[in-house]
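Q:
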């Protein structure tokens, strides 16, 4: 799953936990899945932050648009 998919899944879990009257075992299982997704997303964001910092510290332009050929 990519970052956006993980965020969408996390949103589904949150809605389920807030909106449904789940048995404790099911609620705990959904909560555990959500915690795992949060950890994955945090790790991805931290990695992205480090990559941007590395690129900007070295004087590179990290988001320079690509030039079209023949333009």
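Residue numbers (the working numbering): 157 to 227.
For glycine and all other residues, C-beta sits at the position ideal for the given N, C-alpha and C.
1) Anyone know if the C-beta pair for residue 186 and residue 193 falls short of 8 Å?
2) At what residues does the alpha helix (DSSP H) containing residue 163 begin and finish?
3) Look at the Cβ atom of residue 170, then the Cβ atom of residue 183, and state whether they are nearer than 8 Å.
4) Could you tell me which of 189, 210, 212 sits nearest to residue 162, measuring between CA atoms?
5) Specify the secondary structure class of residue 178 as computed by DSSP and reduced to three states.
A: Quick look at the numbers:
1) In the chain shown, the residue the question calls residue 186 occupies position 30. In the chain shown, the residue the question calls residue 193 occupies position 37. No.
2) Residue mapping note: residue 163 aligns to position 7 of the chain shown, counting from 1. From DSSP, the alpha helix (DSSP H) with residue 163 extends over 159-175.
3) Stepping through the chain shown from its first residue, residue 170 is reached at position 14. Stepping through the chain shown from its first residue, residue 183 is reached at position 27. Going by C-beta atoms, residue 170 is not nearer than 8 Å to residue 183.
4) As a working mapping, residue 162 is identified with position 6 in the chain shown. Nearest C-alpha to residue 162: 189.
5) In the chain shown, the residue the question calls residue 178 occupies position 22. Correct three-state label for residue 178: coil.
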